[in-house]
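Chains as they are written, first to last, in the numbering used here: chain A, 1260 to 1598; chain B, 1260 to 1598. Ideal Cβ positions, reconstructed from N, Cα and C, are used throughout, including at glycine.
There are 2 protein chains.
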Amino acid sequence: MPMRKIINHPDHVEDETVSGILKAFPNILKRVEGSTRALVRANAPFSGKVGIATGGGSGHLPLFLGYVGEGLATGCCVGNVFSSPSSEDMLDVTKAVDSGAGVLYLYGNYSGDTMNFDMASEMAEMEGITVKTTLGRDDVTSAPIAEIERRRGIAGIVFVFKIAGAAAEEGRDLDAVHAIAEKATFNTRSMGVALSGTTIPAAGEPGFTVAEGQMEMGMGVHGEPGVEIGPLLTADEIAGQMLDRILPDLPFSSGDSAAVLVNSLGATAPEELYILYNKASEILGDRGINIHRVFIGEYVTSMEMSGASISICKLEDDDMVKLLGAPAYSPFLSQQFGH
Amino acid sequence: MPMRKIINHPDHVEDETVSGILKAFPNILKRVEGSTRALVRANAPFSGKVGIATGGGSGHLPLFLGYVGEGLATGCCVGNVFSSPSSEDMLDVTKAVDSGAGVLYLYGNYSGDTMNFDMASEMAEMEGITVKTTLGRDDVTSAPIAEIERRRGIAGIVFVFKIAGAAAEEGRDLDAVHAIAEKATFNTRSMGVALSGTTIPAAGEPGFTVAEGQMEMGMGVHGEPGVEIGPLLTADEIAGQMLDRILPDLPFSSGDSAAVLVNSLGATAPEELYILYNKASEILGDRGINIHRVFIGEYVTSMEMSGASISICKLEDDDMVKLLGAPAYSPFLSQQFGH
């Protein structure tokens, strides 16, 4: 079955991607010795600082590996496309990022990942490493608010990497880094829309599809069912429907300060993201919500999937504002002092 | 005809995109008063510094507007999708970025753009503004080397924005900024491959197509004919064919230092770009070419087109290395000191 993908072999996608990233940025990332899929910052661990370990399936770049860097995560394990990494790789990353100050696990709420990270956490504790966990669970359509612990993580986790990463870089202790990560997660809500499916290379054909001219509101980044399939609406209508679900969920209220992320799932062009933002910013303004910082682009993708998501993070206090605005650097996310 | 695009109306794509960008980054960009499609840095002009004006058709973000920023271009005029901006908008940008030190026009070599920029240049000269022009013409497949002046500009212009922008930011005079822009252009070569077409919103259907399982080597970013249509090759074969054409064209030689850009045309995922780079870096290493700096991601797109390009810029001397490595900031390109 033909695919529109530039690859060599479906079984080599993940290893060759990792190999390409390491060749491109040898001073920034390195493999943990003896592992192919456990990667950490080139000079990890950092004395006295909490390590942040993440990971998940491939096919979502910049997530997860792209958020390893200064003021962000410290290490990452890389699974096959849309599959959890192994607990062994997670343990390797954990040991490589721990400086004695403990490790925060920060990843999306998917059953394969939680099972393996929980196993890694138990093994790490046996080796004397303290681990705490924060799960991205920002997708408002994936479960009702009463079952918030069941919700999936999508693009909103980027805010958590940024905020918790800055706290770890500052030298806060594990309890404090965990607390701010939980606070960022709790204050973040997202919703996505899919205009097409995507193809796992090893499968060779789309695991799910959306017909041309249709859309699925709330579809997950691996094709998890959304809330409604219907004709493709306008950008303004899509932005409206998303915010109608996102804003009451926390709820976000007049006078709140927030950061906004408009994310492409892959094929959706930057132009379309700005058209979505054009309306979203108007709606937020009308509701009295102050937009403090904006992220627009490809942050969490599903390979060549067409679609987008909007994520909003309420900035509860000056500390969150400061951490979100702190400098950060990875090959995929560069935020400068003063910007 | 249904499209997989998140828009409101085909005729509003460009204005709503610009509006969204201005709402997202009001402290960084502004409209020239009285114009909707002429945009400049929020605090332009910069006393004593050469202004750099660019522009072209929409549908290529980050190109062109995304390269307006610190250490980059100073202003940009925005055309309709795949259409030249007007000479009036170009003149507006020219006047708004000129501080008396003159203006460099830097854009891609397409007939509509050159006609309008040349007209704007004449009008600017009548108003006492000195203008010089550098054209991106890096696509090796668009004309033979003997007719290099006919070549199209594709993603390689990013190197020229970065190098010339740093020279202008340093305060070099117009002759010097023009000279380094010409040097960067001369030393840059690119080649692309398309795996799909793309749809101009106002047309509603693809202006050109590539069948699934096929590819067109050398196709331009607006669907201009390439050199060969055939079955989709592997990533390693594609990287090999591209470098087989790019490297002899300058030629790049053993011992050269170079910057490499692997660019997605839109739908092609970051993972695939790294798989391409994995092979490209190996080939360059085998040829004795030292990779000094790497750019991998969406730099010059064609909306939702599937495909990629490789651009290589020979770094002839320490000055080019320094300018390419200088800090820069726009909402679409952030390069920090020391990285």
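Query: When you compare the CB of Tyr1558(B) with every CB in chain A, is at least one pair closer than 8 Å?; Result: no
Query: In this structure, does DSSP put Glu1329(B) in helix, strand or coil?; Result: strand
Query: Applying the 10 Å Cβ sphere with the 16-neighbour rule, what's the burial state of Ile1606(A)?; Result: With chain A covering 1260 to 1598 only, the question about residue 1606(A) has no answer from this structure.
Query: State whether the segment 1523-1533 of chain B contacts the segment 1367-1385 of chain B, with contact taken as three or more CB pairs (one from each stretch) at a distance under 8 Å.; Result: no
Query: Run down chain A in chain order and give the residues with a C-beta less than 9 Å from the C-beta of Ile1266(B).; Result: Thr1493, Ala1494, Glu1530, Glu1531, Ile1534
Query: Compare the beta carbon distance of Ile1416(B) and Leu1582(B) with 8 Å and say whether it is the shorter of the two.; Result: no
Query: Verify the CB distance criterion: does Asn1537(A) have a CB-CB separation below 8 Å to chain B?; Result: yes
Query: Apart from the five residues just before and just after His1551(A), which ones in its own chain have a Cβ nearer than 7 Å to its Cβ?; Result: Ser1516, Ala1517, Ala1518, Leu1574, Val1580
Query: Flag Thr1393(A) as yes if its beta-carbon sits less than 8 Å from any beta-carbon of chain B, otherwise no.; Result: no
Query: Under 8 Å between C-beta atoms, does Gln1500(A) make it to chain B?; Result: no
Query: How close, in whole Å, do the beta carbons of Thr1353(A) and Ile1388(A) come, if the pair is a contact with beta carbons under 8 Å?; Result: 6 Å
Query: Hey, could you find the ends of the beta strand (DSSP E) Met1476(A) is sitting in?; Result: 1473-1476
Query: So what's Asn1446(B) in DSSP terms, helix, strand or just coil?; Result: coil
Query: My parser needs the beta strand (DSSP E) runs of 3 or more residues fully inside the segment 1451-1535 of chain B; what are they?; Result: 1465-1467, 1473-1476, 1487-1490, 1516-1523
Query: I'd like to know if Pro1321(B) contacts chain A, where contact means its C-beta is closer than 8 Å to some C-beta of that chain.; Result: yes
Query: Is the beta carbon of Ile1497(B) sitting closer than 8 Å to the one on Ile1265(A)?; Result: yes
Query: At 4 residues or longer, what runs of the alpha helix (DSSP H) sit wholly inside the segment 1391-1421 of chain A?; Result: none
Query: Apply the 10 Å Cβ neighbour rule to Met1474(B) and answer buried if 16 or more other Cβ atoms are within range, or exposed otherwise.; Result: buried
Query: Apply the 10 Å Cβ neighbour rule to Gly1514(B) and answer buried if 16 or more other Cβ atoms are within range, or exposed otherwise.; Result: exposed
Query: In terms of alpha-carbon separation, which member of Ser1512(B), Thr1295(B), Pro1269(B), Arg1410(B) lies closest to Val1277(B)?; Result: Thr1295(B)
Query: Is the CB-CB distance between Ala1470(B) and Lys1538(B) below 8 Å?; Result: no
Query: Go through its chain and collect everything with a Cβ distance to Gly1412(B)'s Cβ below 8 Å, but skip five positions before and after it.; Result: Tyr1366, Gly1367, Asn1368, Tyr1369, Leu1394, Gly1395, Arg1396, Asp1397, Asp1398
Query: Please list, in chain order, all residues of the same chain as His1481(A) whose beta carbon is under 6 Å from its beta carbon, the five residues on each side excluded.; Result: Phe1341
Query: Is it buried or exposed, Ser1570(A), if we count other Cβ atoms within 10 angstroms and call 16 or more buried?; Result: buried
Query: Check the C-beta distance from Val1521(A) over to Tyr1536(A) and give it rounded, since I have them as a contact under 8 Å.; Result: 5 Å
Query: Is the beta carbon of Ser1358(A) less than 8 Å from the beta carbon of Pro1321(A)?; Result: no
Query: Identify the continuous beta strand (DSSP E) that holds Leu1288(A) and give its terminal residues.; Result: 1288-1290
Query: Assuming the contact rule is C-beta atoms closer than 8 Å, Leu1363(B) and Ile1311(B) should be a hit. Round their C-beta distance to whole Å, please.; Result: 5 Å
Query: Could you tell me the distance, in whole angstroms, from the CA atom of Asp1508(A) to the CA atom of Arg1448(A)?; Result: 8 Å
Query: Return the chain-ordered list of same chain residues with a C-beta closer than 6 Å to the C-beta of Ala1297(B), the five sequence neighbours on each side being excluded.; Result: Val1291, Cys1336, Asp1348, Asp1351, Val1352
Query: To the nearest angstrom, how far is it from the Cα of Val1436(A) to the Cα of Ala1360(A)?; Result: 11 Å
Query: Taking 6 Å as the limit between beta carbons, can you name the residues of its chain near Met1382(B), skipping five residues before and five after?; Result: Leu1350
Query: Leaving out the 5 sequence neighbours to the left and right, which residues in its chain are closer than 8 Å to Arg1263(A) when beta-carbon positions are compared?; Result: Glu1563
Query: Spell out the partners DSSP gives Met1564(B) in its beta bridges.; Result: Gly1525(B)
Query: For Tyr1588(A), go through chain B and note every residue whose CB falls closer than 8 Å to its CB, in chain order.; Result: Gln1595, His1598
Query: Using C-beta distances below 8 Å, list every residue in its chain close to Val1419(B), excluding the 5 sequence neighbours before and after it, in chain order.; Result: Leu1365, Thr1393, Gly1395, Ala1440, Ala1443, Thr1444, Thr1447
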